[in-house]
Each structure stands twice: as structure tokens, then as C-alpha cells.
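Worksheet: one structure, shown below.
Protein chains in written order, with our numbering: chain A, 34 to 268; chain B, 34 to 268.
As C-alpha cells, then:
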């Protein structure tokens, strides 16, 4: 049977073999929710950069720049980390250079996997269906917060495992914990997460609408895939 | 208010400041359950060693040697990792040199904390009462399994936080997850853990009685404390 595991923090990636896996990167608040939304709205590609200045320099090559540090948009960048910013007709078929606090680190550490997919609640079923059609083992990588465990990414891992439970076998304790937590939270994700640290951090920035949106299930049918360092729609 | 955080794996210890904390080390199956039992039965001291051969060499200095690797007793050592082995009148007032797969690493990485305490379900209330009498912030360090998250240590973290909830504030998402999981599991820990990977690993070694014992609450009133590298009863 195909195996599924969950890496609860990019700082634990050294514990996992990745060459035989499809990796699903998750950074619910808000990087992978933005990526999903952007591709659903017809943006051609998103190129992640670990360093802010590398990302900024892409402006001269015709890219839109998108950057966030500590939950705030970077000065001088075209776009921040709210999914609503990516619902813009002017961005259709454009290329975006992208950098975030946690999401880009998770992507960088996943290079070498058989396939890298971007997951969020917004495209949960699309990702699950995509994974069903493949035969590889699965590793869900939670971007976390500066190396630490976070609840919202873990809940997504639980949701994805739950929707694949007839075809995957849980490999270790992390997927079990994720699924238990998701089963406890699923009837009201917002309420369950109201004390989560990143939700509180973002609530301080007055972006409750973003949070609510990022916790919406199955809004888009797109499956973003990382190929040669560039994220594009795989469906 | 005093803060409590949970480090879900020794491989995440670099993310935490420890000098202003009381650290509680937890390795339910079975290192910290053995340590608790040993001190409750009058063993004078337990000295943890990271390296097996360092531990073995203490035999010539009059120590009993206790060693486990991958859940199995080390050849030539006096004692293994079953708590029942430490309920022995012949061990009263003796010194033990101790090494385990995960527990000793967690202890080694906690050096520098204000105080290091050993926790298990067997002495949960004793540890909680001890922590109540102090004013430091708390970090619960789960020994995990070879760097990975495990359920039983996380459940203990949740139980300890739950019993201190009137005096501590949860600092991040890991304590919340631990408490949620504990609340789901508390009515039947054994049943909740039946699919946990280390429980299955140990069940393969036919030590179900050990597991049941290690999940027993409040059997002993002892609080093992690590001082200058040696574990002794702090109560």
C-alpha cells in the first residue's frame, strides 16, 4: 500500500527520504493559498525565491514581485500575501517572483522529490484526486512558522490524509496526530484555530477575511506543481 | 503569566531558549517511565550517557548498567528498558548508568535550563505540583523517536498542560495540539495509542504489560531532577 507521512516542520526534513515521494507543500496562512488562487485566476507561473533581494531583482525581467516577511507585505513589492490580491485580471498570463517567510524554505528543501505539489484547503480535493492518480508514496511538508509546528498546516495534512485514507497507509505518528486533530476541528476550522498563534498574529494585522478565505474548502480545481524551480498549473 | 511550550522533537531544540525555563523531559515508552519507577523504588541515582560504550565502562566503577537500543536491551547490560526491572530490592540505594535511543539525547540537549525534571504518566501529578511551586516558564521536551514526533510523549505534554492550565499560558501551537490530542485520548490512552508506531514496535517485542504500566497515571509521588548530569529524586 502507498505510504503517507507528515513532516511537521521544514527543520525536520533531514529525517525523511524524498526521492521516491510526491511531496505536498502546505503553508495555509497564506503562501500556498495565494499560489492556488493565483493559478486559478490564470497567472502563468510563480517562481519562489528564498532571498528577498533575489526576488526583487526579477522586477527588471518583467516579473511582478510578491513578498512577505513576518506576515507583512515587503516595501516596494507589487503584491503581498493576501489571496484577494491575486484575483486581478491584470495579472492574467503574467509571471510572478515570490518570496515568503516559511513557504519558500519548505519548497527549497523538497527539491529532489519525484514531484512537488502545492496544497491548500482551497484545492484540497483537486490535490487529493491528483495524488490518487499516481503511485508514489506521499510526504506532506508543513511550512510551519520559522521552523516551529503550526496548527493550520497540520490540519490540512490531516484533511488530505482523511480524504485519501482508502488508498494510503499512515507511516508514523505525525499523520495520525494530524488526522486526529482534523477530525476534532473539521466541523468548524475557524473556531478551532481561533487561538492558533499565526491566526492571532494575522488577526493583529486585521486580515480576518484572508483567514476565513484560506480555510474555505475546494474553491478551485487547480493543482500547482513545482517544475525546475517554477510553479505552474499541473492540471 | 507563566508560559508553557512544547518541543515536539529533540531535533527542534535549536528553536527554543532554555536558560529561563524549567524543562520537563518525557520519553514515555520507556525511558522516563523507568527513571520514575527506579527512583520510586529507592535507587540512589541514574547517570545518563549518550554513548553505549561510555555507559558500559561505568560497570567497573560499581554502577549497574542499563541500556536500550531500538527498544531492545543491550547485550551484557544489567538492565533493559522495562519499568518492572527497576522494582528490585537489590537495586535499592544503588547507582545506575543509563543509555537509551531517544531519552538521553533529549536530556543532553536540555543542559543549560534552570532545572531539568523527568516526567511520565506515572508521576504526572507529582511533576505538576512541583512545577506549580516554581515561577519559571516551562518547556516540555518530547524525546520522540529518532528525531521524529511521537504520540505518547505528546499526549503526556497535553496531560501536563491540562493539569496546569490555570497557571500557564500556551505559547505557541504545539502545546495547543498536545492538549487537543490529550483531550481526545484521555478516556482511553491505550486504545488511542494502539496504532501509534512505537506501541506497534514494542508490541512486536511482546511487552504489552510495559506499555499498559507506562500509561498508568500517578502511581508514584517522586520527581526526578537532573543535577550536574545525574538524575536523583528531587522530592
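Note that CB positions come from ideal geometry on N, CA and C, so glycine has one too.
Residue range of the alpha helix (DSSP H) that includes residue i
| i | result |
| --- | --- |
| residue 161 of chain B | 157-165 |
| residue 172 of chain A | Per DSSP, residue 172 of chain A belongs to no alpha helix (DSSP H); it is in the beta strand (DSSP E), 170-175. |
| residue 36 of chain A | That residue, residue 36 of chain A, is in no alpha helix (DSSP H); its beta strand (DSSP E) goes 35-40. |
| residue 140 of chain B | 136-141 |
| residue 212 of chain A | 206-218 |
| residue 69 of chain B | 64-73 |
| residue 196 of chain A | 184-196 |
| residue 232 of chain B | 230-237 |
| residue 245 of chain B | 241-247 |
CB-CB length for residue i against residue j, believed under 8 Å
| i | j | result |
| --- | --- | --- |
| residue 151 of chain A | residue 58 of chain A | 6 Å |
| residue 253 of chain B | residue 69 of chain B | 6 Å |
| residue 157 of chain A | residue 251 of chain A | 6 Å |
| residue 102 of chain B | residue 134 of chain B | 6 Å |
| residue 37 of chain B | residue 204 of chain B | 6 Å |
Spatial neighbours of residue i in its chain, beta-carbon cut-off 8 Å, leaving aside the 5 residues before and after
| i | result |
| --- | --- |
| residue 238 of chain A | 104 and 105 |
| residue 228 of chain A | none |
| residue 167 of chain B | 55 and 148 |
| residue 85 of chain A | 100, 102, 107 and 132 |
Inter-residue Cα distance where the pair is residue i and residue j
| i | j | result |
| --- | --- | --- |
| residue 65 of chain B | residue 41 of chain A | 24 Å |
| residue 211 of chain A | residue 78 of chain B | 38 Å |
| residue 71 of chain A | residue 235 of chain A | 20 Å |
| residue 265 of chain B | residue 131 of chain B | 13 Å |
| residue 44 of chain A | residue 45 of chain B | 7 Å |
| residue 122 of chain A | residue 128 of chain A | 13 Å |
| residue 173 of chain B | residue 95 of chain A | 49 Å |
| residue 184 of chain A | residue 91 of chain B | 44 Å |
| residue 187 of chain B | residue 97 of chain A | 43 Å |
| residue 87 of chain B | residue 88 of chain A | 50 Å |
| residue 246 of chain A | residue 219 of chain A | 15 Å |
| residue 136 of chain A | residue 202 of chain B | 28 Å |
| residue 49 of chain A | residue 143 of chain A | 10 Å |
| residue 267 of chain A | residue 159 of chain A | 11 Å |
| residue 155 of chain A | residue 47 of chain B | 33 Å |
| residue 112 of chain A | residue 178 of chain A | 21 Å |
| residue 241 of chain A | residue 240 of chain B | 50 Å |
| residue 182 of chain A | residue 182 of chain B | 11 Å |
Cut-off 7 Å between Cβ atoms - residues of its own chain near residue i, not counting five sequence neighbours on either side
| i | result |
| --- | --- |
| residue 67 of chain B | 114, 116 and 119 |
| residue 200 of chain A | 35 and 165 |
| residue 263 of chain B | 78 and 80 |
| residue 126 of chain A | 75 and 77 |
Beta-carbon proximity of residue i to residue j, cut-off 9 Å
| i | j | result |
| --- | --- | --- |
| residue 209 of chain B | residue 213 of chain A | no |
| residue 62 of chain A | residue 255 of chain A | no |
| residue 149 of chain A | residue 39 of chain A | no |
| residue 170 of chain B | residue 53 of chain B | yes |
| residue 110 of chain B | residue 99 of chain B | yes |
| residue 175 of chain A | residue 190 of chain A | yes |
| residue 51 of chain A | residue 146 of chain A | yes |
| residue 206 of chain B | residue 153 of chain A | no |
| residue 248 of chain B | residue 222 of chain B | yes |
Unbroken beta strand (DSSP E) run spanning residue i, endpoints
| i | result |
| --- | --- |
| residue 225 of chain A | Unbroken run through residue 225 of chain A is the alpha helix (DSSP H), 222-225; no beta strand (DSSP E). |
| residue 266 of chain B | 263-266 |
| residue 23 of chain B | Look at the range of chain B in this structure, 34 to 268, and you will see that residue 23 of chain B is not part of it. |
| residue 77 of chain A | Segment: none, residue 77 of chain A is in no beta strand (DSSP E) and carries neither H nor E. |
| residue 54 of chain B | 54-59 |
| residue 86 of chain A | Careful: residue 86 of chain A lies outside any beta strand (DSSP E), inside the alpha helix (DSSP H) at 85-90. |
| residue 110 of chain B | Per DSSP, residue 110 of chain B belongs to no beta strand (DSSP E) and is neither H nor E. |
| residue 128 of chain B | 128-132 |
| residue 43 of chain A | Counting along the chain, residue 43 of chain A falls outside any beta strand (DSSP E), and DSSP gives it neither H nor E. |
| residue 258 of chain B | 257-260 |
| residue 203 of chain A | 201-203 |
| residue 149 of chain B | 148-152 |
Contacting residues, own chain, Cβ-Cβ under 6 Å from residue i (five flanking each side not counted)
| i | result |
| --- | --- |
| residue 124 of chain B | 76 |
| residue 141 of chain B | 83 |
| residue 180 of chain B | 42 and 44 |
| residue 163 of chain A | 256 |
| residue 73 of chain B | 253 and 255 |
| residue 139 of chain B | 43, 58, 174 and 176 |
| residue 225 of chain A | 218 |
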